[in-house]
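Okay, so here's the structure we're looking at.
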Amino acid sequence: MNHSPADLPRILLVEDDPTSAAFLSAASAALPALPVTAASLADAERLCAGQAFDLFLFDANLPDGRGEDLLRALRDRGVDTVALAHTADLDADMHARLLAVGFAEVLRKPLGMGELHAALRRHLPEAALPPWDDGAALAALGGQHAHVRALRELFLGELPQQRQRIVHAAIHADISDLRGELHKLSASCGFVGAARVGAAVRALQAALTDRAALHALERAIDETLAATPATPAGP
């Protein structure tokens, strides 16, 4: 499935090592996402002054300062984008300091692509995710394009009924049924790469009585049903 850059989540990657920056950029693009790279605190601040991002990924140590200094400066300017730190440093006190200053998570380098993708999916806003993540579906199904296509057809055929059951359980405060339906839908999303619905399911699982989370899931389901094509290119 091809994605327009306008549809992709925007990630600001701040990393001064060229090799690490190249890997993080390529791995983020494969999510898929649109990475924008900066090699210093000054470059990152300049980029943030002119555009918005869906997620930050900052190196803990930069040539002209520290990742935590950058995050403080942006927070002082009212920028509330979720930020992740990455570092090869194993010092527990440093990790605790990064979390205390406002990083949502500290990732330890070297990172594998799967580990990075999982972290990005955990923290990207649901609306920023593409409806379909072909890479995740192919990884879950052993790279078999035909299996992805077949399972997505089944998934899309069942999705409207799943939505009805979830809404019914939520409206009637049937928490047991709601948990069960969300668990099944979450597993299905993982197999077929339904990224946006999967994120909305996780948000509702974390707040089962939150009507806003329920409406967000309904919206994500509608957008996924409308998104075409829903099958990855390949044999």
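In this note's numbering, the protein residues as written are 1337 to 1571.
Even glycine gets a Cβ: it sits at the ideal position worked out from N, Cα and C.
Exposed or buried, which one is residue i when buried takes at least 16 other CB atoms within 10 Å?
{"i": "Asn-1338", "result": "Caution applies to Asn-1338, whose pLDDT of 45 falls short of 50 and renders its modelled position unreliable; the value that the coordinates give is listed next. Its Cβ having fewer than 16 others within 10 Å, Asn-1338 is exposed."}
{"i": "Pro-1371", "result": "buried"}
{"i": "Ser-1512", "result": "exposed"}
{"i": "Arg-1458", "result": "exposed"}
{"i": "Asp-1469", "result": "buried"}
{"i": "Pro-1496", "result": "exposed"}
{"i": "Glu-1494", "result": "exposed"}
{"i": "Thr-1373", "result": "buried"}
{"i": "Ala-1543", "result": "exposed"}
{"i": "Glu-1351", "result": "buried"}
{"i": "Leu-1349", "result": "buried"}
{"i": "Leu-1550", "result": "buried"}
{"i": "Arg-1488", "result": "buried"}
{"i": "Leu-1606", "result": "Within the shown structure, residues of the chain are numbered from 1337 to 1571, placing residue 1606 beyond reach of any answer."}
Where do the ends of the beta strand (DSSP E) carrying residue i lie?
{"i": "Leu-1443", "result": "1441-1444"}
{"i": "Pro-1371", "result": "1370-1374"}
{"i": "Ala-1388", "result": "No beta strand (DSSP E) holds Ala-1388; DSSP gives it neither H nor E."}
{"i": "Val-1308", "result": "Residue 1308 lies beyond the stretch modelled for the chain, which goes from 1337 to 1571, so this question has no answer here."}
{"i": "Leu-1420", "result": "1419-1423"}
{"i": "Leu-1348", "result": "1346-1350"}
Over what stretch of residues does the alpha helix (DSSP H) that includes residue i continue unbroken?
{"i": "Phe-1574", "result": "The question about residue 1574 has no answer, for the chain in this structure spans 1337 to 1571."}
{"i": "Phe-1392", "result": "Segment 1391-1395 is the beta strand (DSSP E) holding Phe-1392; no alpha helix (DSSP H) there."}
{"i": "Gly-1471", "result": "1470-1476"}
{"i": "Leu-1561", "result": "1547-1562"}
{"i": "Asp-1412", "result": "1403-1412"}
{"i": "Pro-1354", "result": "1354-1365"}
{"i": "Asp-1592", "result": "Given a span of 1337 to 1571 for the chain in the structure shown, any question on residue 1592 remains unanswerable."}
{"i": "Asp-1429", "result": "1428-1437"}
{"i": "Gly-1450", "result": "1449-1459"}
How close, in whole Å, do the beta carbons of residue i and residue j come, if the pair is a contact with beta carbons under 8 Å?
{"i": "Gly-1438", "j": "Ala-1454", "result": "Actually they do not touch by this definition, with Cβ atoms about 21 Å apart."}
{"i": "Ser-1376", "j": "Asp-1400", "result": "5 Å"}
{"i": "Pro-1345", "j": "Leu-1393", "result": "In fact, because the Cβ distance is near 12 Å, the residues do not count as touching under 8 Å."}
{"i": "Glu-1381", "j": "Ala-1409", "result": "6 Å"}
{"i": "Leu-1477", "j": "Phe-1527", "result": "7 Å"}
For residue i, which residues from the same chain have a beta carbon less than 7 Å from its beta carbon, with the 5 sequence-adjacent residues on both sides left out?
{"i": "Arg-1402", "result": "Ala-1396"}
{"i": "Val-1415", "result": "Cys-1384"}
{"i": "Pro-1446", "result": "none"}
{"i": "Ser-1340", "result": "Low confidence applies here, because Ser-1340 scores a pLDDT of 47, under 50, leaving its location unreliable and the question unanswered by this model."}
{"i": "Cys-1525", "result": "Val-1533, Gly-1534, Val-1537"}
{"i": "Leu-1514", "result": "Ile-1502, Ala-1505, Ala-1506, Leu-1544"}
For residue i, which of the options has the nearest alpha-carbon?
{"i": "Arg-1411", "options": "Leu-1426, Leu-1490, Asp-1558, Ala-1385", "result": "Ala-1385"}
{"i": "Ala-1505", "options": "Leu-1495, Gly-1516, Pro-1496", "result": "Gly-1516"}
{"i": "Ala-1530", "options": "Ala-1556, Ile-1502, Leu-1393, Pro-1496", "result": "Ala-1556"}
{"i": "Asp-1425", "options": "Leu-1349, Arg-1413, Leu-1487, Arg-1444", "result": "Arg-1444"}
{"i": "Ala-1366", "options": "Ala-1482, Ala-1509, Gly-1448, His-1551", "result": "Gly-1448"}
{"i": "His-1422", "options": "Ile-1507, Asp-1546, Asp-1353", "result": "Asp-1353"}
{"i": "Val-1503", "options": "Leu-1553, Gly-1471, His-1481", "result": "Leu-1553"}
{"i": "Ala-1548", "options": "Ile-1507, Val-1528, Phe-1491", "result": "Ile-1507"}
For residue i, which residues of its own chain have a beta-carbon under 6 Å away from its beta-carbon, when the five flanking residues on both sides are left out?
{"i": "His-1431", "result": "Val-1442"}
{"i": "Gln-1498", "result": "Leu-1521"}
{"i": "Gln-1541", "result": "Leu-1518"}
In chain order, what residues of the same chain have a beta carbon less than 8 Å from the beta carbon of residue i, not counting five sequence neighbours either side?
{"i": "Glu-1559", "result": "Pro-1467, Arg-1532"}
{"i": "Ala-1388", "result": "Arg-1346, Thr-1417"}
Compute the minimum distance between the beta carbon of residue i and the heavy atoms of the ligand GDP, and state whether it is under 8 Å.
{"i": "Ser-1361", "result": "The ligand GDP is absent from the structure shown, which contains no ligands of any kind."}
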